[in-house]
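Below is one structure, written out as structure tokens; the observations come after it.
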Amino acid sequence: MSDGRDRSPASPSLADWGLGPAVEYVERVQRADGLIPWYPDGPADPWDHVESAMALSVAGRDEAARRAYRWVADAQHDDGALWATYGDPEGDEGAHDGDEPRKETHRSAYVAVGAYHHYRCTGDRDFLAELWPTVRDALAFARRHQAPTGEIYWSVGADGSVYEDALVAGCSSLYKSLACGAAIAGELGREDARDRWLEARTRLGEALRSRPDRFDRTWESKSRYAMDWFYPVLCGVVTGDPARDRLEDGMDRFLEDGLGCRCVADEPWVTVAESCELVVSLAAVGRQARAREIYEWLFQWTDDDGVFWTGYQFEDEAFWPGKRPTWTGGAAVLAADALSGMSGAADLFTDPLGE
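In my numbering, the protein residues as written are 50 to 404.
The following block contains the structure:
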């Protein structure tokens, strides 16, 4: 598969990594309206939708990526938010697995990362300007739900009620969204918005680094989840030696040698997407060799067509669950880009904005 970009013979490509099937699968599952479900006829959510769209941008599937971002613009509510999930045939719009419909701040705001990523991949300033109102309103929604202590509340119910608690991984993602939104504002000469978002990002970063008491206050701690471990590094909240120390401190707990990263520390299950995000986090702190080693483990978790399964339950020796999510392939493409520099956005996570 060609990704549509010129490169020197020595430069790696998605085909060199064996990622052609992953990209083809994402594009094949994408609906006519642009939405990218988790799998054919399955539900979707805005965060994973954007991650899949980012893979399309890396692969040079620019029209498919634009359709994905235009879906976000069309689906966005007047308050700047999106529902947490879409297209679940067994649930209400905005709900999944029996939950009440809600709007999540980090899922709604992630379009800022995708929009800036697409711009870095393509240089298409006109499309960036087209997406500006969507990015502006999404980040305004998130910022309205920032607490005086800096954290950004997790979700808003269908009735407008705010769930006043915060997630470490979700707020780390919001930190990255605010950084990318500020970069977009700078590109488009929207300095007032840029300053607001950088100020909100600073306060959010201070809460994440210094106020652990402001997170997981009303539910059980999420620290057993790998995302809480590496997301502050992945999203640039923690950098330098503290970031390297944070990753090293969690290796024995989360990394299963030869298999990948556990999704949950006390469950015998490695997942490809979390493993790929760990790979990018390691690359961000200069551990390229270790990152590449872990990444190469993951290609054992594909089907006969080369499409990634969600993960592997190593006690039962079975792929579990038996799904092939689009966003898992998306994460694999983004990890390969971070390791190999295939696109103009390859360093988006390895060289944190504003640091």
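Note that beta-carbon positions come from the ideal geometry of N, C-alpha and C, so glycine has one too.
Task: Distance between residue 323 and residue 359 (C-alpha atoms, nearest Å) - done: Your numbering for residue 359 matches position 310 in the sequence shown. Your numbering for residue 323 matches position 274 in the sequence shown. Approximately 10 Å between the Cα atoms of the pair.
- [ ] Return helix, strand or coil for residue 87, following the three-state DSSP convention.
- [x] The count along the sequence shown starts at 1 and reaches residue 87 at position 38. Looking at residue 87 - three-state DSSP - the assignment turns out to be coil, as it is neither helix nor strand.
TODO: Give every residue of the same chain whose Cβ lies closer than 7 Å to the Cβ of residue 164, excluding the five residues on either side of it in the sequence, and list them in chain order.
DONE: Indexing the sequence shown from 1 puts residue 164 at position 115. The answer, listed in chain order, is 118, 177, 180, 184 and 233.
Open item on the list: Three Cβ pairs or more, each shorter than 8 Å: is that satisfied between the stretch 366-381 and the stretch 257-275?
Closed with: Because the criterion of three Cβ pairs below 8 Å is not met, the stretch 366-381 and the stretch 257-275 do not touch.
Open item on the list: When you compare the CB positions of residue 114 and residue 167, do they come within less than 9 Å of one another, or not?
Closed with: Within the sequence shown, residue 114 is the residue found at index 65, counting from 1. Within the sequence shown, residue 167 is the residue found at index 118, counting from 1. Yes. Within cutoff.
- [ ] Buried or exposed for residue 81, please, with buried defined as at least 16 other CB atoms from any protein chain shown within 10 angstroms of its CB.
- [x] Here residue 81 is taken as the residue at index 32 of the sequence shown, counted from 1. It counts as exposed.
Open item on the list: Just to confirm before moving on: does the CB-CB distance between residue 321 and residue 381 stay below 9 Å?
Closed with: Along the sequence shown, one-based indexing puts residue 321 at 272. Along the sequence shown, one-based indexing puts residue 381 at 332. Taking 9 Å as the Cβ cut-off, residue 321 and residue 381 qualify as a contacting pair.
- [ ] Using 10 angstroms around the beta-carbon of residue 261, count the other beta-carbons present and answer buried if the total reaches 16, otherwise exposed.
- [x] Numbered from its first residue, the sequence shown carries residue 261 at position 212. Exposed.
- [ ] For residue 97, collect the residues of the same chain with a Cβ closer than 6 Å to its Cβ; drop the 5 residues on either side in sequence, then sort them by chain order.
- [x] As a working mapping, residue 97 is identified with position 48 in the sequence shown. These residues qualify, in order along the chain: 376.
Task: Whole-number beta carbon distance between residue 72 and residue 93, since they are thought to touch under 8 Å - done: Looking up residue 93 in the sequence shown gives position 44. Looking up residue 72 in the sequence shown gives position 23. Not quite, the Cβ-Cβ distance comes to about 18 Å (not below 8 Å), so this is no contact.
Open item on the list: Assuming contact is defined by CB atoms lying nearer than 9 Å, are residue 62 and residue 391 in contact in what I supplied?
Closed with: Along the sequence shown, one-based indexing puts residue 62 at 13. Along the sequence shown, one-based indexing puts residue 391 at 342. Yes, these two residues count as a Cβ contact at 9 Å.
Task: Cβ-based burial, residue 395 [other Cβ within 10 Å; buried from 16] - done: For this step, residue 395 is matched to residue 346 along the sequence shown. It counts as buried.
Task: N-terminal and C-terminal residue of the beta strand (DSSP E) that residue 407 is part of - done: Outside the shown range of the chain (50 to 404) lies residue 407, about which nothing can therefore be said.
Open item on the list: Considering Cα atoms alone, identify which of 279, 201, 126 and 75 is closest to residue 298.
Closed with: Against the sequence shown, residue 298 aligns to sequence position 249. In this structure, 279 is the residue among 279, 201, 126 and 75 with its C-alpha nearest to the C-alpha of residue 298.
Open item on the list: Do residue 294 and residue 217 count as a contact pair if the criterion is CB distance below 9 Å?
Closed with: Here residue 217 corresponds to residue number 168 of the sequence shown, with the count starting at 1. Here residue 294 corresponds to residue number 245 of the sequence shown, with the count starting at 1. The answer is no: Cβ separation not under 9 Å.
TODO: For my contact list, residue 187 and residue 223 are in at a C-beta cut-off of 8 Å; report their separation, rounded to the angstrom.
DONE: One-based indexing of the sequence shown puts residue 187 at position 138. One-based indexing of the sequence shown puts residue 223 at position 174. Contact between residue 187 and residue 223 fails: their C-beta atoms lie close to 10 Å from each other, not under 8 Å.
- [ ] Look up residue 310 in the DSSP assignment and give the residues it is bridged to.
- [x] Numbered from 1 along the sequence shown, position 261 holds the residue referred to as residue 310. DSSP lists 304 as partners of residue 310.
Task: Proximity below 9 Å, CB of residue 344 to CB of residue 314 - done: Position 295 of the sequence shown holds residue 344. Position 265 of the sequence shown holds residue 314. Not a contact, by the Cβ cut-off of 9 Å.
Open item on the list: From the DSSP secondary-structure annotation, give me the bridge partner or partners of residue 125.
Closed with: Taking the first residue of the sequence shown as position 1, residue 125 is located at position 76. None, per the DSSP bridge assignment.
Open item on the list: Does residue 338 pass the burial test, meaning 16 or more other C-beta atoms within 10 Å, or should it be called exposed?
Closed with: Working through the sequence shown from its first residue, we reach residue 338 at position 289. Residue 338 should be labelled exposed.
Open item on the list: Given a cut-off of 9 Å on the beta-carbon distance, is the pair residue 386 and residue 121 in contact?
Closed with: As a first step, residue 386 must be located in the sequence shown, where it is residue number 337. As a first step, residue 121 must be located in the sequence shown, where it is residue number 72. Their beta carbons are not under 9 Å apart, which means residue 386 does not touch residue 121 by this criterion.
Open item on the list: Just to confirm, is the Cβ distance from residue 263 to residue 199 under 9 Å?
Closed with: Here residue 263 refers to the residue found at position 214 of the sequence shown. Here residue 199 refers to the residue found at position 150 of the sequence shown. In contact: residue 263 and residue 199 (Cβ atoms closer than 9 Å).
Open item on the list: Mapping the DSSP letters down to three states, classify residue 151 as helix, strand or coil.
Closed with: Taking the sequence shown and counting its residues from 1, one reaches residue 151 at position 102. Residue state, collapsed to three classes: strand.
TODO: Could you check what DSSP says for residue 344 in three-state terms: helix, strand or coil?
DONE: Residue mapping note: residue 344 aligns to position 295 of the sequence shown, counting from 1. Under the three-state reduction of DSSP output, residue 344 falls in the helix class.
TODO: Go ahead and pull the three-state DSSP assignment for residue 118.
DONE: Position 69 of the sequence shown, counted from the start, is the residue given in the question as residue 118. Note: residue 118 maps to helix in three-state DSSP.
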